[in-house]
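In my numbering, the protein residues as written are 105 to 359.
Read through the structure below, which is laid out as structure tokens, and then see the notes.
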Ligand SMILES: NC(=O)c1ccc[n+]([C@@H]2O[C@H](COP(=O)([O-])OP(=O)(O)OC[C@H]3O[C@@H](n4cnc5c(N)ncnc54)[C@H](O)[C@@H]3O)[C@@H](O)[C@H]2O)c1
């Protein structure tokens, strides 16, 4: 029987993949047989990530660009398709935080988070989808968050962007389905990465996560997220589109 989760013969572009969840998703896709293109805003971080992969016997291309900059995205997608090949899997993963209470939040911090976390997924998704539409094949995975449905103080900009990702995913799935493009989102719960360091290093927050999550622990980036991304990128998900799958240790079941 053929392996329905195999990504052999496919090229995957993962944004924000120099570190954190994007990096682990990229590794999972490499393990599943895909050719992977790492991308990030930081060239230095990308160089480090490529070198680490090389040491482990993996080969990955890398392109530095800012997902919120239309010109950079268009140029990078063209270069990737010319130099590496057609992108048939896109993971819109790059994201940032600028934490503040709404009442104090400078508009520039609101705009920055919406720009990167929501508009970046639109700009990159649109640039990559043009080729997918012409080839009549594509899998797009947008990274949302448990904060799309469970909000907390201090992150109103982030929650709005991640809620937007859930509906952007439905819009992309609705408009591009006829071209055989599947678009889904993943909503991670709380995972231990640089992005959540200010939270995991706070004993009160750490205890709150462990007491609320039914599985009683934080998500482990090394093993808890890449599997679902590989599944959504594979033929196993050919009839799944427009969905958001929460990978949160069961938290959304008891909110
Ligand atoms: N860690 C968690 O618990 C968690 C939970 C829910 C959702 N998420 C989401 O998962 C994604 C990855 O988060 P993470 O925890 O790995 O974060 P991270 O900070 O470890 O990594 C994010 C990466 O994105 C890159 N990046 C930032 N802005 C960029 C831009 N404009 N263009 C291109 N690259 C850019 C950064 O350089 C970094 O390498 C984000 O979208 C985040 O919102 C994370």
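Cβ coordinates follow ideal geometry from the N, Cα and C atoms, glycine included.
It should be emphasised that the depicted structure is a prediction, and the values quoted were computed from it without experimental measurement.
- Listed in chain order, the alpha helix (DSSP H) runs fully inside the stretch 155-213 are 174-187, counting runs of at least 4 residues.
- When only Cα atoms are considered, residue 131 and residue 258 end up about 32 Å apart.
- In this structure, the C-beta of residue 151 stays at least 7 Å away from each heavy atom of ligand 1.
- Between the stretch 217-228 and the stretch 317-335, the count of C-beta pairs closer than 8 Å stays below three; the two stretches do not touch.
- Annotation: the continuous alpha helix (DSSP H) that includes residue 337 extends over 330-337.
- Across the structure, residue 106 and residue 286 are spaced so that their CA atoms are roughly 21 Å apart.
- Rounded to the nearest angstrom, the gap between the Cα atoms of residue 249 and residue 293 is 6 Å.
- In the displayed model, residue 260 falls within a helix according to three-state DSSP.
- Here residue 207 is exposed, its C-beta having fewer than 16 other C-beta atoms within 10 Å.
- Short of 7 Å from the beta carbon of residue 149, and not among the five residues preceding or following it, lie these beta carbons of its own chain, in chain order: 122 and 123.
- Per DSSP, reduced to three states, the secondary structure at residue 248 is coil, with no helix or strand assignment.
- Using a C-beta cut-off of 8 Å, the stretch 327-340 makes no contact with the stretch 256-272, since fewer than three inter-stretch Cβ pairs fall below that distance.
- Secondary-structure assignment with DSSP links residue 294 through no beta bridge to anything.
- The alpha-carbon of residue 144 is positioned some 32 Å away from that of residue 312.
- For residue 129, the three-state secondary structure derived from DSSP is helix.
- Non-local C-beta neighbours of residue 205 in its own chain, meaning closer than 7 Å and more than five positions away in sequence, comprise 257 and 258, ordered along the chain.
- Taking 8 Å as the cut-off, the beta carbon of residue 193 is found closer than this to the beta carbon of residue 115.
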